[in-house]
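Data first, discussion second: the structure below is written as structure tokens.
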Amino acid sequence: MEAHTIDREKFTTAAIIDRTDLTEDLWLIRLQLEETIPFRSGQYVTIGLDVKGSLIERPYSVCSSPLEDHIIDLFLERVPGGELSVPLHACTQGTELVVRKKAKGLFLKNLPLMHGPLLFVATVTGVAPYVSTLRTMVRERQNGTVVEERNVLLLHGASHSEELGYADELAELSRSEDWFTYVPSLSRPWEHPEWAGETGRVDELLRKYADSLGIEPGSGAAYLCGHPGMITHAKEILKRKGLAVNQIHEEQYWPE
Ligand SMILES: Cc1cc2nc3c(=O)[nH]c(=O)nc-3n(C[C@H](O)[C@H](O)[C@H](O)COP(=O)(O)OP(=O)(O)OC[C@H]3O[C@@H](n4cnc5c(N)ncnc54)[C@H](O)[C@@H]3O)c2cc1C
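Written out as structure tokens, the structure reads:
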């Protein structure tokens, strides 16, 4: 869809100003927005692209912080046969995308209301809303506007180490901030003999880290994002541990 044919009330445009390919199917992009889109960490933007004359749109969680002006960072996966992710993957630096001006989503909205430690759990691209939240938390600490000091642990799972987008940034944060711990885990460690970190699926590690963090019924909260199978299994484990419904929150990227 040509930029001049879009409804300017609802949409703005954004140019891809940076692209990093992590694997054949996973990549990071930075968008320079024509107009700033107000959003909260944890929300998603709706990205559109003209595919054979039709505007195809999908939601993508924002990785950047709202405190980073005019840019949107996204962590994307090409899904085989996907209507948008396949043509999106073919877009190079300079390509202009269509973006809805209204960011949406309630994930992580209640974070300020939760007391106690926070467990963030993600599969691959599901790390996106946490990257945004952590970037915001760091800036709030720098500005002295933190409401409550609490420990945060991010459990990030993938099959292979190169699929762990933002791992360097998160590992650096884990080293520099005593309130934050980054735990990446590989489910196919035998293909990475050099890997010294956790192994296994994040849902299998959940109980261990929820216990070590001190998440208990009535204290702390767990957030789950990404693969629907991980979310279903993780919820069962957390409910068996006795957590209340309002201590477990999810953002599922596609139907089970
Ligand atoms: C709130 C929300 C936030 C999202 N954030 C991100 C994000 O940050 N990064 C990202 O890459 N995607 C994200 N998604 C998924 C994204 O919106 C699209 O569904 C995805 O890009 C596939 O779109 P498509 O048009 O290529 O595939 P479609 O043609 O729409 O779908 C093809 C099939 O693949 C399934 N599918 C969708 N995603 C996957 C996947 N990752 N693995 C396996 N099967 C899948 C669909 O359910 C469908 O059955 C998010 C989805 C939601 C609901």
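Residues 17 to 272 (the working numbering) make up the sequence shown, in order. Yeah, the Cβ is synthetic: ideal placement off N, Cα and C, and Gly gets one too. The model shown is predicted, which means the values in this text are computed figures rather than measured ones.
Its chain contains Phe-123, Leu-124, Asn-126, Ala-237, Ala-238, Tyr-239, Leu-240 as the residues whose beta carbon lies nearer than 8 Å to that of His-265, once the 5 sequence neighbours on both sides are disregarded; these appear in chain order. Between the alpha carbons of Leu-71 and Arg-223 lies a gap of roughly 43 Å. Distance check between His-172 and each of Leu-180, Glu-165, Leu-229 places Leu-180 closest, using alpha-carbon atoms only. With fewer than 16 other CB atoms across the displayed protein chains lying within 10 angstroms of its CB, Ser-192 is exposed.
A direct Cα-Cα distance of roughly 11 Å separates Gln-48 from Glu-84. Not one heavy atom of ligand 1 lies closer than 6 Å to the C-beta of Val-137.
Taking non-hydrogen atoms of ligand 1 into account, the C-beta of Pro-244 is found less than 6 Å away from none of them.
A direct Cα-Cα distance of roughly 16 Å separates Glu-232 from Val-137. Sequence-distant partners of Pro-271 (beyond 5 residues in either direction) whose C-beta falls short of 7 Å from its own C-beta, in its chain, are Pro-244. Residue selection by CB proximity (closer than 5 Å to any heavy atom of ligand 1) returns Tyr-60, Arg-74, Pro-75, Tyr-76, Ser-77, Leu-92, Glu-93, Val-95, Gly-98, Glu-99, Leu-100, Ser-101, Thr-141, Ala-144, Tyr-269, Trp-270 in chain order. When the five nearest sequence neighbours on each side are left out, the beta carbons in the same chain lying within less than 7 Å of the beta carbon of Gly-110 are those of Ala-31, Ile-32, in order along the chain. Closest in C-alpha terms to Ala-174, from the list Asp-34, Ile-22, Leu-38, comes Leu-38. In this chain, Leu-171 is not harboured by any alpha helix (DSSP H); it is covered by the beta strand (DSSP E) spanning 168-174. The three-state secondary structure of Glu-73, taken from DSSP, is strand.
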